[in-house]
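**Q** This is the structure I want to talk about, given as structure tokens.
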Amino acid sequence: MPLVESVLAAIPQPYRDAAVKHRELVKFAVVGGSTWVIDTAIFLFLKSTVLTDKPLTAKVISVLVATIVSYVLNREWSFRTRGGRDRHHEAALFFIISGVGVLVYTAPLAISRYILDLKVPGVSLVTQEIADFVSGQIIGVLAGMAFRWWAFRRYVFPDENARRKVPAA
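FYI, in the numbering used here the residues of the sequence shown are 160 to 328.
Here it is as structure tokens:
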């Protein structure tokens, strides 16, 4: 059973009908969840090893790696039937919008760290780490995903059924 059908089968009715109707969004969410794991793993690794004093740098690097994976998965799976642009133009728009997305993703972390001053020595290390995680990995990711969903459909993959797969004869 394909991944989307497995996910859809796990959703209780009447939500399943809405998910089937919005299959593209479900796929986008699965890609987003997968790239969230990649982003989170890289962010936490970098922040706890080589970039301990540079959480924004760690976040930017983790988002960039996740964005490359996201482009491939979104183009070939989530939006596989959408298009309307030359591939190089599509890729350029994807990465430009994702660059703006990096600003959206990192804004909550920057606010937490540098405006609300939720960092050591003003707060405990545990508080700092929880604030970094919530602002960077939950609030930032949700805001970034909402922005990217809208922008990808509007600008990167604007035309429905532009790349419809032809069934094998």
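Heads up, the beta-carbon is just placed ideally off N, CA and C, and yes, glycines get one too. Computed from a predicted structure; not experimentally measured.
As a quick exercise: from 245, 260, 253, 183, pick the residue whose alpha carbon is nearest that of residue 221.
**A** If we check each option's Cα against that of residue 221, 260 comes out closest.
**Q** Classify residue 246 as buried or exposed, calling it buried when 16 or more other Cβ atoms lie within 10 Å of its own Cβ.
**A** So residue 246 counts as exposed.
**Q** So the alpha helix (DSSP H) residue 251 belongs to, where does it begin and stop?
**A** 246 to 269 is the span of the alpha helix (DSSP H), which, as asked, contains residue 251.
**Q** Using a Cβ-Cβ cutoff of less than 6 Å, which residues in the same chain neighbour residue 263 once the five nearest sequence positions on both sides are dropped?
**A** For residue 263, where only same-chain residues beyond five positions count, the Cβ hits under 6 Å are 302, 303, 306.
**Q** Give the range of the alpha helix (DSSP H) segment to which residue 301 is assigned.
**A** Residue 301 -> alpha helix (DSSP H) spans 299 to 310.
**Q** State the Cα-Cα distance for the pair residue 178 and residue 237, rounded to the nearest angstrom.
**A** Cα-Cα distance, rounded: 14 Å.
**Q** Under the three-state reduction of DSSP, which class applies to residue 192: helix, strand or coil?
**A** The answer is helix: DSSP assigns residue 192 an H, G or I state.
**Q** Between the Cα of residue 189 and those of 312, 258, 318, 229, spot the shortest distance and give me the residue it belongs to.
**A** With distances taken between Cα atoms, residue 189 lies closest to 229.
**Q** Reducing DSSP to helix, strand and coil, say where residue 243 ends up.
**A** Here residue 243 sits in coil by DSSP.
**Q** Taking the straight line between their C-alpha atoms, what separation do you get for residue 240 and residue 295?
**A** Cα to Cα, the separation comes out at about 32 Å.
**Q** If you follow the alpha helix (DSSP H) that residue 313 is part of, which residue opens it and which one closes it?
**A** Looking at the DSSP string, residue 313 is not in any alpha helix (DSSP H), and its letter there is neither H nor E.
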